[in-house]
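Engineer: The opening residue of the sequence shown carries number 49 in this note's numbering; numbering runs sequentially from there. Ideal placement from N, C-alpha and C gives every residue a C-beta, glycine not left out. Quantities reported herein were computed from a predicted structural model and do not represent experimental measurements.
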Amino acid sequence: MTYTTNIYENAVLSASAIADFILKSSKDQQQNSKYLNIAVSGGNTPKYLFSILSNEDYRTTIAWDYIRFFWVDERCVGPTHPESNFGMTFKSLLHLDYINKDNIYRMMGENNPESEAARYSELLNKILPVKNGFPVFDLILLGLGDDGHTASIFPDNLSLLVSDKTVAVATHPTSGQQRITLTGKTINNANEVVFLINGKNKASIVSAIINQTPEAKNFPASYVHSASGKCILYLDNEAATF
Ligand code: 6PG
Numbered sequence: 049m050t051y052t053t054n055i056y057e058n059a060v061l062s063a064s065a066i067a068d069f070i071l072k073s074s075k076d077q078q079q080n081s082k083y084l085n086i087a088v089s090g091g092n093t094p095k096y097l098f099s100i101l102s103n104e105d106y107r108t109t110i111a112w113d114y115i116r117f118f119w120v121d122e123r124c125v126g127p128t129h130p131e132s133n134f135g136m137t138f139k140s141l142l143h144l145d146y147i148n149k150d151n152i153y154r155m156m157g158e159n160n161p162e163s164e165a166a167r168y169s170e171l172l173n174k175i176l177p178v179k180n181g182f183p184v185f186d187l188i189l190l191g192l193g194d195d196g197h198t199a200s201i202f203p204d205n206l207s208l209l210v211s212d213k214t215v216a217v218a219t220h221p222t223s224g225q226q227r228i229t230l231t232g233k234t235i236n237n238a239n240e241v242v243f244l245i246n247g248k249n250k251a252s253i254v255s256a257i258i259n260q261t262p263e264a265k266n267f268p269a270s271y272v273h274s275a276s277g278k279c280i281l282y283l284d285n286e287a288a289t290f
């Protein structure tokens with residue numbers, strides 16, 4: 049596993065750097081007449097990125113028609129529910145009129161969880177390139193929970209890291225809320241895996257993961273990487289005290 053860390057003064061500068069990475073990647077795909085297939089996470093951190101991507105100066109620079117949006121995970125709630133990852137992303141970015149809604153593939157949290165996991169798995173394997181028996185995302189944007197979870201793979205269910213499913217049903221360990229999530233094997237099949245991590249409450253986990261301490265074995269985030277074994281971390285100063 050190779051970690052690359054990009055450290056910024058604050059969350060906005062870190063998110064701006066990722067926005068520029070997405071801009072460049074979208075232009076590269078446009079050159080090759082290919083889609084940039086991105087899976088995004090929920091939670092609070094990505095809001096910085098989505099807000100920056102919704103800025104006017106990205107309207108005309110990003111090749112929006114070449115980006116397809118997928119989700120890393122979704123809470124089993126409807127799309128307008130305040131806890132919906134899709135709902136948050138739509139409100140902060142995807143509602144914009146120049147983003148083609150046909151390029152948005154949400155996990156349907158309102159559906160029966162097992163059926164939705166199967167539906168979304170079938171969709172991914174149908175419309176994305178497939179390698180090693182799993183769909184290939186160009187870019188997966190992950191967050192890090194303060195218990196070391198990522199996606200909806202929690203410390204009490206590490207088996208989702210080695211499941212042969214593409215998409216699975218998970219349960220939040222404290223709230224009991226059901227989730228739909230990409231599995232570890234799907235995430236680890238991606239061309240690029242990028243973590244967006246801010247705040248001092250994540251610093252000790254980031255340090256454990258990067259230094260691969262014995263404690264890190266309890267953190268699902270320690271086990272995810274791109275197909276080439278790389279993991280890129282975009283951190284603000286507070287999270288980067290390793
Ligand atoms: C979710 C996310 C989850 C998130 C982490 C970090 O559905 O909540 O996919 O994995 O990335 O919990 O969340 P924050 O960015 O809010 O710290």
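(1) Using only CA atoms, which one of L142, I235, A63 and N58 lies nearest to V178?
(2) Taking the alpha carbon of Y96 as the reference point, which residue from V184, L141 and C124 has its own alpha carbon closest?
(3) Got a sec: does ligand 1 put a non-hydrogen atom nearer than 7 Å to the Cβ of A199?
(4) Does the beta-carbon of T231, which I'm using as the reference point, lie nearer than 7 Å to any heavy atom of ligand 1?
(5) Would you kindly check if the distance between the Cβ of I66 and the Cβ of V242 is under 8 Å?
(6) Return the chain-ordered list of same chain residues with a C-beta closer than 6 Å to the C-beta of S255, the five sequence neighbours on each side being excluded.
(7) From this set, I228, T222 and S223, which residue's C-alpha is nearest K213's C-alpha?
(8) In angstroms with no decimal places, state the Cα-to-Cα distance between T222 and P268.
(9) According to DSSP, is Y83 part of a helix, a strand, or is it coil?
(10) In the DSSP assignment, what residue or residues form a beta bridge with I245?
(11) Determine the burial state of V120: buried for a count of at least 16 other Cβ atoms within 10 Å of its Cβ, exposed for fewer.
(12) Would you report the Cα separation of A63 and T53, rounded to the nearest angstrom?
(13) Quick one: residues in its chain with C-beta nearer than 6 Å to the C-beta of Y56, no 5 flanking neighbours on either side, listed in chain order?
(14) In this structure, does DSSP put Q226 in helix, strand or coil?
(15) Using DSSP's beta-bridge definition, name the partner residues of D121.
(16) Just checking my contact of M49 with H273 at CB under 8 Å: how many whole Å lie between their CB atoms?
(17) Based on Cα-Cα distance, which residue from S132, I175 and C279 lies nearest to M156?
Structural biologist: Inspection of the coordinates gives the following:
(1) Locating residue 178 in the sequence shown gives position 130, counting from the first residue. Nearest C-alpha to V178: I235.
(2) Looking up residue 96 in the sequence shown gives position 48. Ranking V184, L141 and C124 by Cα distance to Y96 puts L141 first.
(3) Position 151 of the sequence shown holds residue 199. Indeed, a heavy atom of ligand 1 lies less than 7 Å from the Cβ.
(4) Within the sequence shown, the letter at position 183 stands for residue 231. Every heavy atom of ligand 1 is 7 Å or more from the Cβ of T231, so no.
(5) Translated into the one-based positions of the sequence shown, residue 242 becomes position 194. Translated into the one-based positions of the sequence shown, residue 66 becomes position 18. Yes.
(6) The residue given as residue 255 occupies position 207 in the sequence shown. Correct list, in chain order: F290.
(7) As a first step, residue 213 must be located in the sequence shown, where it is residue number 165. Comparing Cα-Cα distances from K213 to each of I228, T222 and S223, the minimum goes to I228.
(8) By one-based count along the sequence shown, residue 222 stands at place 174. By one-based count along the sequence shown, residue 268 stands at place 220. In a straight line, the C-alpha of T222 is about 16 Å away from that of P268.
(9) Looking up residue 83 in the sequence shown gives position 35. Residue state, collapsed to three classes: coil.
(10) Taking the first residue of the sequence shown as position 1, residue 245 is located at position 197. L283, per the DSSP bridge assignment.
(11) Sequence index remark: in the sequence shown, residue 120 carries index 72 (1-based). By the neighbour-count rule (16 or more Cβ atoms within 10 Å), V120 is buried.
(12) Reading the sequence shown from its first residue, position 15 is the one you call residue 63. Reading the sequence shown from its first residue, position 5 is the one you call residue 53. A63 and T53: Cα-Cα distance of roughly 14 Å.
(13) In the sequence shown, residue 56 corresponds to position 8, counting from 1. Within the same chain, Y56 has close Cβ partners S62 and D284.
(14) Position 178 of the sequence shown, counted from the first residue, corresponds to residue 226. Of the three classes helix, strand and coil, the one that applies to Q226 here is strand, per DSSP.
(15) The residue you call residue 121 lines up with position 73 of the sequence shown. Note: D121 sits in a beta bridge opposite T229.
(16) Here residue 49 refers to the residue found at position 1 when the sequence shown is read from its first residue. Here residue 273 refers to the residue found at position 225 when the sequence shown is read from its first residue. Contact flag correct, Cβ pair sits at about 5 Å.
(17) Stepping through the sequence shown from its first residue, residue 156 is reached at position 108. Of the candidates S132, I175 and C279, the one whose C-alpha sits nearest the C-alpha of M156 is S132.
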